[in-house]
Every structure is written in C-alpha cells, then in structure tokens.
Amino acid sequence: MSDANLRRDWAGAVGCAVLVLLGGGAIVAAREFSDLGAVFPRTIGALLVVFGLVWLGLFALGRTRAQAALEGSSLRRAGVAITMLAWAFALPPLGFLPASAAACAALLLLSRHGRWTVPALLIQALATGVLLVGLYVLFQHVLRVPLP
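In the numbering used here, the protein residues as written are 293 to 440.
Following this line, the structure appears as structure tokens:
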C-alpha cells in the first residue's frame, strides 16, 4: 500500500457507512409513526444520510486523512460516557429539565481544567440554562418530541 493510502481515514469511512445505514433505518422506522412523531427521526435520519454520503464522497476522492491520536485523560472520557448514561436513565423519573441540568453540571465539572471563578461560573450557569430551555422548546414545540 502507498503511504497516502495508509493515512486515509478508513475508520471514519466505516463509521460514516454505519451512520448512513442507521439514518436510513430511522427514516424507514418513522413510517410507522404519526406525522408529528416522525418529524424528529426523519430529520435526524436524513441529516445522517446526507452528511454521511458527503463524507464518503470526500473519502472516495481522497480528500480525507486519518487524525492523530487524541491526548487527554481517559478518566474524563469515561466520566462523560457515564454521565450521559446516567442522564438517559434519570430522564424518566426526574424529567427533562432537572435531569439535563444535573448532567450539564457534571459535564461542566468534568471538562473544567482551570480554577473556577465566580464570573465564569455565573456565565456558564446562565449559558447552560439558556441552552436547556432552548433545547426543551426545540424538542417539545418545534420537533414535537414528547419529553419526560
């Protein structure tokens, strides 16, 4: 194999192919939903298919390259995965806003490298609140996704 062929992002190509299949599956599965209930899976499925195919096209043209290995803490990455899993299980009993607020707080703690200052804490709390309310409005009222 040539050196250029070894640097191509084969893992990314496989991942995109899987996402194209998942997106297509979401579109097909959404046929059984009501018109309003199908908006979200159709939208996300279509985006997965379109962007996955664009990326696969770039891969076929040789326009992608494998990325260098990531540096950083594996414990932080594991903490993010555990937080997201806990959030998913906390949604039904707690509801969207309380579970999401707790998950966002945990993610902020995991991602913070420097010292906390009062202004930074206030800005991040405000931004998190705006984000959560915005997501709630988007999912509940625009995409018509029933939230717990």
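Where a beta carbon is used, it is the ideal one built from N, C-alpha and C, also for glycine.
Small disclaimer: the values here were computed from a predicted structure and weren't measured.
Which residues in the same chain as M293 place their Cβ atom closer than 7 Å to its Cβ, once the five residues preceding and following it in sequence are excluded? Counting from 1 along the sequence shown, the entry for residue 293 is found at position 1. Note that M293 scores a pLDDT of 49, beneath 50, so its modelled location is shaky and nothing firm can be said.
>> Can you look up M293 in the DSSP assignment and give me helix, strand or coil?
In response: What you label residue 293 is simply residue 1 of the sequence shown in a count that begins at 1. Because the pLDDT of M293 is 49, which lies under 50, any placement of that residue in the model is unreliable, and the number read from its coordinates should be weighed accordingly. Secondary structure at M293: coil, using DSSP grouped into helix, strand and coil.
For this session: Say whether the stretch 309-325 touches the stretch 341-354, bearing in mind that this needs 3 or more beta-carbon pairs closer than 8 Å, one atom from each stretch.
Result: Taking 8 Å as the limit for Cβ pairs, the verdict is that the stretch 341-354 does touch the stretch 309-325.
### Per-residue burial, A391 [other beta carbons within 10 Å of its own, 16 or more giving buried]
As a first step, residue 391 must be located in the sequence shown, where it is residue number 99. By the 16-neighbour rule on beta-carbons within 10 angstroms, A391 is buried.
_Reference G307, options S366, R436, A358, A330, closest by Cα_ = Within the sequence shown, numbered from 1, the residue matching residue 307 stands at position 15. Comparing alpha carbon positions, the residue from S366, R436, A358, A330 closest to G307 is A358.
*For Q359, name the three-state secondary structure that DSSP assigns.*
Here residue 359 corresponds to residue number 67 of the sequence shown, with the count starting at 1. In the structure shown, Q359 sits in coil (DSSP, three-state: anything other than H, G, I, E or B).
Fill in: Close Cβ partners of L379 (< 8 Å) along its chain, the five nearest in sequence each way excluded
Translated into positions along the sequence shown, residue 379 becomes position 87. What sits at residue 379 in the sequence shown is Trp, not Leu. The residues are A391, S392, A394, A395.
task = Could you check the C-alpha separation between A274 and A303 for me, to the nearest Å?
result = Outside the modelled stretch of the chain, which goes from 293 to 440, sits residue 274, for which no answer is possible.
Q. From A322 to P438, what does the alpha carbon distance come to, in whole angstroms?
A. Here the question's residue 322 lines up with position 30 in the sequence shown. Here the question's residue 438 lines up with position 146 in the sequence shown. Taking the straight line from one Cα to the other gives about 15 Å.
| message | For L423, which residues in the same chain have their Cβ closer than 8 Å to its Cβ, ignoring the five residues on either side in sequence? | response | Taking the sequence shown and counting its residues from 1, one reaches residue 423 at position 131. If we look at L423 and ignore the five residues flanking it on each side, its Cβ neighbours are C396.
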